[in-house]
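Residue numbers (our numbering): 3 to 207.
The following block contains the structure:
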């Protein structure tokens, strides 16, 4: 039996402070920094570049990183599913800018969903009933919501061929399903899907 009781003080929490172009300061722990490759690389570079660390002891972030979007990116580290990017993103935020920031600082990568992926994960979940010709639609709302968000992120990243009329028709059909199925998709998710779809379909007019 080990009767030794360690009464030594806990190790001090190591933190780093980052300064945004708007002059706000954000202090993060080492664990938080490890979750964001862009910040980890910045800290790892240390004083190798004069523009990284200034005399006051903080790291300068890229001037294009907005403070409020940066805080949202930090919150996303604790998200358990990709759908939370849309369900927890307030309507005042630009979802396109949010996704661009995630890519820039290395959160993710967020795997998008193809047209075939939407069909397989949303529209082909059937099982045969007790009698011939009877089918039951099987779905997990959380899984379908994740698929919808991944698909919309694919639109943002322009991964579909918008020069193909058949592809455009299929994208439009999927988007209309996401927007009309209120029982499956909550308001914030539908809002951001609509916002992204509107921006890209307007370009086709």
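In this text, a Cβ means the ideal position worked out from N, Cα and C, and glycines have one as well.
About 11 Å separates the beta carbon of residue 170 from that of residue 157, a gap too long to meet the 8 Å contact definition.
For residue 60, the closest C-alpha among the options 151, 25, 162 is that of 25. The three-state reading of DSSP puts residue 27 in strand, counting E and B together. Annotation for residue 98: the continuous alpha helix (DSSP H) segment containing it runs 97-107. Here residue 62 is bridged, per DSSP, to 21. Between residue 58 and the set 20, 163, 159, the nearest pair of CA atoms involves 20. Around the CB of residue 73, fewer than 16 other CB atoms lie within 10 Å, so the residue is classed as exposed. For residue 43, the uninterrupted alpha helix (DSSP H) segment begins and ends at 39-47. The Cβ-Cβ distance between residue 67 and residue 22 falls below 8 Å. Secondary structure note for residue 188: it is in no alpha helix (DSSP H), with a DSSP letter that is neither H nor E. Between residue 164 and residue 201 a beta carbon distance of about 12 Å is seen, past the 8 Å cut, so the two are scored as non-contacting.
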